[in-house]
Every structure is written in C-alpha cells, then in structure tokens.
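Visitor: Chains as they are written, first to last, in our numbering: chain L, 1 to 234; chain Z, 235 to 1083.
Dumping the structure here so I can ask a few things about it.
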C-alpha cells in the first residue's frame, strides 16, 4: 500500500546522507526513523485574519489537518516534527474549534509529537499535546524553523514557504516545492492559507548555490524533480 | 404636424426669455428633444433621452435644472435653514468617467455665465481635496458632478439625509455603458437610496441607442413590489444615416492574425486624405502595434497619437486636449475613446479588425462628424478573412439600424454586500426596509429574501455555516433591530475600498535602466524612471526577464517585478515579443454571429464579398461544406501527423475556450489522447493522437453525445475547481464584496504581505462550503464573463440534433485560420510572422491545391 503510493506520488531525496521521501501532500518522511516532518501549518490563520477584519472562511485549519491526516495515514509514522509556525499566532491554539481540536488530538494519539518554535509561535504551544523544542538534531539531520546561511550540514527547515515557477513551452506552472541540495532542505508550507515565496528570491540565494540546487515541485498527480536552472523568477 | 413638432411649438413658448435669447445669441435653436425633456421635468416625470452623439444631449439633460434654478420655479425649494448656508443640492450628475464629469462641468459653466444664472456647480471625484469635500457636505452646491463610487461614499455617511433631501434631479450620463457592469449595479443601489431620501426626486438618463430602451427606463425609476415602472422615453431625431464601407484592399487578405499590416499604406492614405481620423482597434496590443507601424511609414510627419486605457492618465489627457484643439491628424485608440465629450472635428472613423457588435460600431462611427445633418463616415478594415464576413454582417446591421446591446443584468450579490456594508456605515437600517429599497432598484427587482439575508450575513460574520466569527462581526443588530457597524474602523476600511472596478491586478510599468542579462529578482535598480502606464498582472506573470514587448509606443525589455511595479528598460531589439496582453477584448455579439452564419450559409450573398474571400468559400463548399445557419459543422482530418477536430460555433473566443476545456476532458475519457486545442472568435480546433474521425465513422464516438449539454454538469464542475479564469473571477468577487481589502488604513505594506491568496481561499471554500454566497456570485459572473458559460449553453441547445460531420482527408479551407493560431502566443514578433507566413503557405497549398 505504502509502496504503491510511493511510486506514484512521491520522490526520494538524499540530504546529508539521509534517505528521505518528499510526498505530494507536502510532507517529508524519513523511513529509517519512521519520522514525518511538516512545516508551516499556520493553523488558525483564518481566524487570525478575522480578528483583523478579513472574515476568511474558517475552514483552513480543517483543510490543513486533512493534509496532515493523509500523510499520517500513508506512512503511519511513530513521530511527527512540525517545523514551527504551526499556529499562525500565539493565541491560535486557544482559538481551535472543538471539532478541529478533537481532530488534531486524534492525529497525535500514539505518536511522539514535537512542536518546534517558529517566529509566529515562539512560545511553547499551550492547550494541545506534544513537546516544545527550539530545534532538534537526530542523526545527520538538524530540524529547525528558520534556515540560516551558516546553518549546520543536514539542516531541514521551513519558514520560507518555497514555490517554484517552471517554464514550459507556451506557459508556466507555479507550485509549492521542496528546495534542496546535498547539504540542506527547505520544506514547503503545509498550511491551507500559507502563501509562497519564489525560490529565485534573494532569501534562497543566501542558502543555496544557484547553480547546484534542485526542487521537488508538487504537481497534480505527483512530485516532480526539477533542476534549479529551470526555475523562473516571478 | 407630428406630435413632437407640436410639442416643440408648445414648449418653445415656455422656454424662459433669457434662455431663448441665449440660444439665439449662439445661433442655435433649441432642439425638440431638449424642450421635450423640459416639459417632462415640469410634469414631474423621469425620462430617458436616447440621442446620437452631437445632438446636444448634455445640455438637454441640464436644461430643466438650469431653468428651475433661474427663476420662480426655484422658489419654495430648499429655503435657507439656520443650519444650511445655501439652498441645498438640486441636481446630481453622475458620469462613468471622472474626466467626463470635469469636462461637463467646464462646458456647463459657459451657459451659466452667459445667461447670468445664480448657479453654483462643482465636481467631486477621487481627486477632490478633503477640505473641499467636507465643505461640499456642509454647504452643497446647486449642481454636483460626480461618479458612482463617490455617490456610494456620500450615501455611506451620516450626512446623507441632510445632503440629499433637497435633491430634485439626478442626471445619469452614458447610461448605456454604465448599466452593463457591476458599476451599474452599484449605481442602481445608490439611486434607490436617493429616491428614498429625496421624495421629490426625478431622474434623467442620457444614452446612446440601445436594443431595449425599456430596460433603461426601468433602471431610472423605483420598481414597485410587483409589476414594473418606467421612465418616459424621449428619442431624439436620428442624424443622417452613416456611410460605412469596407476597405477593399489591393493586397492579399491574411488568413489569420489581427495585425492588419497588409492594409497599413491604405489606412495611412485615408488619414492623409481626412482632417482628423480616429482609428479604433480592439486591443491595446493592436493599438501599440498599429501606432508603431503607422509612424514607420509616416513620411509626411502627420501628427498621429496613441490612446488606450493602460497609458498614464496625464498622457491620455494630453492627447485628448490636442485632439480637441484640432492639432492631431489621427489617434489610434481602443474603447478608451468610446465615451467622452465630443472631441474636435473628426471626419473619419476607421475600425481596424472585427467590429464585434452592431451597437458598438454605430457608437464608434458616431464619433465622426458631430454635425447631425451630415452623415458620419466609417471605414472597416478587416484584418483577416473571417473578419471580412463579420464586417459585411456589421455593415448590413448598421444599414438596418439593428442594435445588439446586452439585456439589463441581474444585480450581483458581491455588489449588494458592499452596499449593505455602506448602508450600515451611514444610518442604521432595518433589514426589511433595506430589502424593500434594494428590490426597488431594477437590477435587483428579482432578488429573493434568502439571497438578501445571505448578503447581510456575509457582511456581518462572513456567512459561514461554521458560526465561529460572532465576536469578529463587522455589523451588528442593536436592541432596536437595526444593523450598524460594529466599530468605526469598519467604516474607515469601507471608505477606502469602495467601488467595483478591481484594479489591484494591474501593475505600474516603470522605465528603469537595464541591468543586463541575468537580471531577475529585485536587486537594487540603479535609477527609478517615469511610469509609462499600467499592465495586467497576469500578463507580467507570463513574462521572463529579458522578454521584450511593445508598450506606450516603444519596445521595452522586462526587467523585474518590484512590489507592485513592473520594471522595464529601453531596448534596441527590433523584434518585440507580440504582447499577449489583450486588455479590452469583447466577444463577437450573438446577433452579429448569427448574421455571419447567415452569410456563410447563403452562397447567393457571396457576390458582395471580395474576390479572394469568395474563392475561399467556394473551395470550402467543394471540399467540405458551407454550414447552414443553425447547424454546427464538425470537420475531422489528419494533419501534421495528428488527428484534428475543428468545429465552427461562431460564439466568441471565451465560450470556445471553455468548450475546448470541456471537450478535452471528454476526449480523454474516450481515450482519444487529446493533446491541445486552440480557439478563435469563430472556431475551435482540437488535436490528438487518436483517430477521432475514424471513431465517429465507426459509430464508436457519438458527436451528439460529445456536444451534449450535460457537459455543463460534472465536467464543468471538475474543471472549475482548477480553472485559473474561475479563480480570477472569484478574486474579483471577493474584493468587491469586501472579503479581501485592497487598501488598509495607516498601513502601506505591499499587498503581497498582508493578503491571503484568493486562490487558496477559493480552494478551501469550494471544498467546505460550495454553496457560499461568494461562490454563487463568482458562478454568476462566470456565466457571462471570462468563461461565457451561458453563451456556450445556449449554443449547445441550438445545435442539438443539428451537428453535421465531415470526415476529410486533409485540412479544409475554413479550418486554416484557426489552425494558424496555434503557437501564436509563444513565438516572437517578426520571426512569428515569418513563421506564420511559412506555415500559412504550407497549409494553403494543402487546402486549396
């Protein structure tokens, strides 16, 4: 079951010697450790905007949790690492609706759950299960929210919400993507209302050699490995 | 003696002496329709005046007001009150264009001064300083000239009852143009409010000729709860019948494309032989191209200018000024000059490309020669063979004086939501009262209570089934049952975002110095230069830095996107990428399409067509067939190693694109492996690896099933989930309804930082609440807008049981033009034309040989 889906809709990536799987739903799976990694869930972003006058549909948390659900169902991980900005603001967890709160705890049940601190949710998240951490190192990999130019080898981060624009004859396609080279990776945002930053933005130039990075773009039916050179700026 | 003449004689006596003297002093006679409007006003009636350009329409609209303000009629109205310095507002004039309001004010000042009337008239637009606006509210002028958006703002203030209760008349200019858009919906709602606030109000609509004057007559007066009410209709005597001809080119008529390059010397010759020529084209890119090419052959150095909606406003006003002063020999323009005051002494209108609609063409040609007694002159220049048919159809339609303006639209729910918030920003309202008031506006006469309640619910808490936003409500119901804004911040935000024209997807185009190859993301750009104009964001999104295109009359190189500006630099490139941005493209009107099909079906009428077009149709008839007027011809043939299906619905590019998307899905399911399609105004061509023709011949694929109306069910629904056009439609609704704000008080952050992509919102909402008001509003827009679904539906009904299949062994002559569209958007300038020419030669040999 897992094997079949893997063939169809995910791609293997190696970072710092660790064999990882980039899934079409936007998560990263590390089979050796049975670990699922997700970034930038931005839960309760809709209600955060509502508080400032934009009454966005209050279904983004449910939509994001549904993506998470799909990943957990596929890989049945023993642990989940959320790479920060899991809630859109400090009070986000307190605004969770009853249904979404129940949904989240059902996903968490029976597995280790690490909330890494992000700039939107710097303090430990109260009112939900899981363990808070500023960062986390496991084997060759270092999990943190914000990627740094001088970050360690094996850095797996989020924060930047990478998207790639790929030119084809007659048009171009824009999609969320994993950006990586042999040393590090920046993961796509999982949040339903999380926007994107083009991988040709300066923020990425500080992290990756512009001639030697790749992206894995999330398409309609699978993940596509694209050479960085084919990514266009906006 | 006709009725109008008798009225004329009766009423002239009633024109006050000083007015009669003024007319005489200018060597004018008051026109029958001007006196007629005066008479209607004296009877307290609202009226619609339909008159051609140059008939003194504006003066007719204001004459009753000026007469009332000049003498005894003014008595008894608005007697000065302690708290009101003046007499109060008497007449409100609303124009679709800010510039037009300013021009009209200037034109009115002349009779006011020359007759010596004690009348104060002022304009109020987005440019009016805050201090003046405040003063206007405290001490209003007699006549205020403004726009629909400013009216909405005035209504949303607590002063509205004070300001408007003295109002006697509202004059709506260019009404035919206003009512076709969401601005018309906004205006209709504003008008309904005015009628409620000013018991003695009457309205005057000024309009060009339309297909259904009745619709506009209803628009002008409050509609009763059942049945309908109409303003009086006053028709000015038409001017002389225009003389419209088609350019009979000595050159070869192109098979496809819209450049009309073949006819350039002939167009130039027409300009040379006339005083001032307006050259209308359909898209901004055509305007840019034609302007460049005309200057390339402008050996006489004629003053030829360019005018279109993307150019900087100051630049446009300069061109208009020069034209009014008679300093220009020609202006190449788009629909940007369809409206506006009478410019200068224009003696010829050239329409390059497809006329698209009969009414539109007549309005354009009416721009030539503003002396009513003399005929306007128009020359149509088809840019390809199909357009010859369309021009022929249009000439016949003009001769029949056939109008094809669209019917009155049903009021949009997103505009209603905006209005509901605006009303809550003014005086608190009771839902039942507002519902009745809204229904009195003609476009909303059919509004249901549940849709109205959905709009109120949307404004209050977003209208979600999941009720989680009560504490964030924008408007709340008080103990008195009245709705009011929950916080002054809400009203402030409303005022900053009022309006229905979604401009946020336009980017400024700024000229900078090139940073050479390898540019891309926004590095430091050496020098910020001037703004050339605006361009659609989605156009820029298709560009890669280094691409060249023609803009504002020069070839520029795209450098980078910086915040909300597209940076471009000058380039020496001689081969610009053809700009694919097609701002202002209208589909072929249903009426004209039917006439084109009639010409195609009736070979006895082909004698009126140019020789080369006749020959093309004759060979089509011999090779395949010339379809009957109501039939749909479907041809299948192998070509270039692929199997093609070409059909000819004549329903416009937008409807054909939607059809192409839906047929592709169905062909995929039939395992015919479709690979692509291309649409133009007349036809749709699809191609793939499977032999479509053979499958039809064998009875394995039914054309009737393929073109069945049921494609508008699940297939459409599945496609809408991904369609970029649908997402753009949704975005417009979300902005108009106020879900997404474009401007924020006190913050000048880039909108990219503070907004959530409406595409993401669309995906989520569609999945979790597919019947939400905004999705219904977007679906209503998609029926007529970018996806033209309603027209597609009408077409599918028309052709049911009338599909004629021709299996051919090669390309048919009729299919050549649409096949030549393949790849046009990705190839480059002159190379593209060379490529097209080469491809054309091959195709033509295959088809005609």
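In this text, a Cβ means the ideal position worked out from N, Cα and C, and glycines have one as well.
1) Please go through the stretch 391 to 418 of chain Z and give each complete beta strand (DSSP E) segment of 3 or more residues, from N-terminal end onward.
2) Do we get a CB-CB distance below 7 Å when we pair residue 193 of chain L with the residues of chain Z?
3) Whole angstroms are fine: how far does the CA of residue 15 of chain L sit from the CA of residue 180 of chain L?
4) Locate the alpha helix (DSSP H) running through residue 366 of chain Z, then write down its first and last residues.
5) Do residue 295 of chain Z and residue 440 of chain Z have their CB atoms nearer than 7 Å?
6) Give the straight-line distance between the Cα atoms of residue 233 of chain Z and residue 360 of chain Z, rounded to the nearest whole angstrom.
7) Under the assumption that residue 563 of chain Z contacts residue 599 of chain Z (Cβ atoms under 8 Å), give the Cβ distance between them as a whole number of angstroms.
8) Who are the Cβ neighbours of residue 843 of chain Z in its own chain at under 7 Å, not counting the five residues just before and after it?
9) Exposed or buried, residue 124 of chain L, counting other C-beta atoms within 10 Å across all chains shown (16 or more means buried)?
10) Grouping DSSP H, G and I as helix and E and B as strand, with all else coil, what is residue 984 of chain Z?
11) Can you give the Cα-Cα distance for residue 229 of chain L and residue 405 of chain Z, rounded to whole angstroms?
12) Taking Cβ-Cβ distances shorter than 8 Å, what residues in chain A pair up with residue 696 of chain Z?
13) Can you tell me where the alpha helix (DSSP H) holding residue 926 of chain Z begins and where it ends?
14) Smallest Cα separation from residue 879 of chain Z: which of Z:917, Z:905, Z:288 and Z:852?
15) Can a CB atom of chain L be found closer than 7 Å to the CB of residue 998 of chain Z?
16) Buried or exposed for residue 701 of chain Z, going by 16 or more other Cβ atoms inside 10 Å?
17) To which residues does DSSP link residue 469 of chain Z through a beta bridge?
18) For residue 783 of chain Z and chain L, any beta-carbon pair shorter than 7 Å?
19) Nearest to residue 1032 of chain Z by alpha carbon, out of Z:321, Z:508, Z:865 and Z:395?
20) Pull up the DSSP beta-bridge partners for residue 210 of chain L, would you.
21) Strictly by DSSP, which residues pair up with residue 30 of chain L?
22) For the stretch 1002 to 1022 of chain Z, which residues have a beta carbon sitting closer than 8 Å to at least one beta carbon of chain L?
23) Write down every uninterrupted run of the beta strand (DSSP E) in the stretch 143 to 181 of chain L whose length is 3 residues or greater and which is fully enclosed by it, in chain order.
24) Within its chain, find whatever has a CB closer than 7 Å to the CB of residue 587 of chain Z; leave out the 5 residues flanking it on each side and keep chain order.
25) Is residue 436 of chain Z buried or exposed, if buried means 16 or more other CB atoms sit within 10 Å of its CB?
26) Check whether the Cβ of residue 336 of chain Z lies closer than 7 Å to any Cβ atom in chain L.
27) Report back the beta-carbon spacing between residue 646 of chain Z and residue 425 of chain Z to the nearest angstrom; my notes put them in contact at under 8 Å.
28) Starting from residue 825 of chain Z, trace the alpha helix (DSSP H) both ways and give me its first and last residue.
29) Hey, how far is the Cα of residue 148 of chain L from the Cα of residue 1030 of chain Z?
30) Using a Cβ-Cβ cutoff of less than 7 Å, which residues in the same chain neighbour residue 309 of chain Z once the five nearest sequence positions on both sides are dropped?
31) Would residue 609 of chain Z pass as a contact of residue 470 of chain Z if the rule is Cβ separation under 7 Å?
32) The stretch 85 to 99 of chain L: which residues have C-beta closer than 9 Å to a C-beta of chain Z, in chain order?
33) Using a 10 Å radius around the Cβ and a threshold of 16 neighbouring Cβ atoms, would you call residue 507 of chain Z buried or exposed?
34) Thinking residue 25 of chain L and residue 71 of chain L are a contact (beta carbons under 8 Å), I'd like their distance in whole angstroms, please.
35) Are any of the Cβ atoms in chain Z nearer than 7 Å to that of residue 63 of chain L?
36) Using three-state DSSP, classify residue 1040 of chain Z as helix, strand or coil.
Guide: Working from what's here:
1) 403 to 406
2) yes
3) 8 Å
4) 364 to 372
5) yes
6) No answer is possible for residue 233 of chain Z: the residues shown for chain Z start at 235 and end at 1083.
7) Between residue 599 of chain Z and residue 563 of chain Z the Cβ distance is about 19 Å, and since that is not below 8 Å, they are no contact.
8) 622 and 626
9) exposed
10) With a pLDDT of 44 at residue 984 of chain Z, under the threshold of 50, the predicted position of this residue should be treated as unreliable, though the coordinate-derived value follows. Correct three-state label for residue 984 of chain Z: coil.
11) 60 Å
12) The structure shown has no chain A; the protein chains it does contain are L and Z.
13) 926 to 931
14) Z:917
15) yes
16) exposed
17) Z:284
18) no
19) Z:865
20) In DSSP, residue 210 of chain L forms no bridge with anything.
21) L:35
22) 1002, 1003 and 1006
23) 155 to 157, 162 to 168 and 171 to 180
24) 492, 494, 515, 516, 520, 617 and 621
25) buried
26) no
27) Actually they do not touch by this definition, with Cβ atoms about 16 Å apart.
28) 824 to 835
29) 58 Å
30) Caution is warranted here: a pLDDT of 42 is assigned to residue 309 of chain Z, below 50, making its placement in the model unreliable, and the coordinate value is therefore given only provisionally. Correct list: empty, nothing qualifies.
31) no
32) 95, 97 and 99
33) exposed
34) 5 Å
35) yes
36) strand
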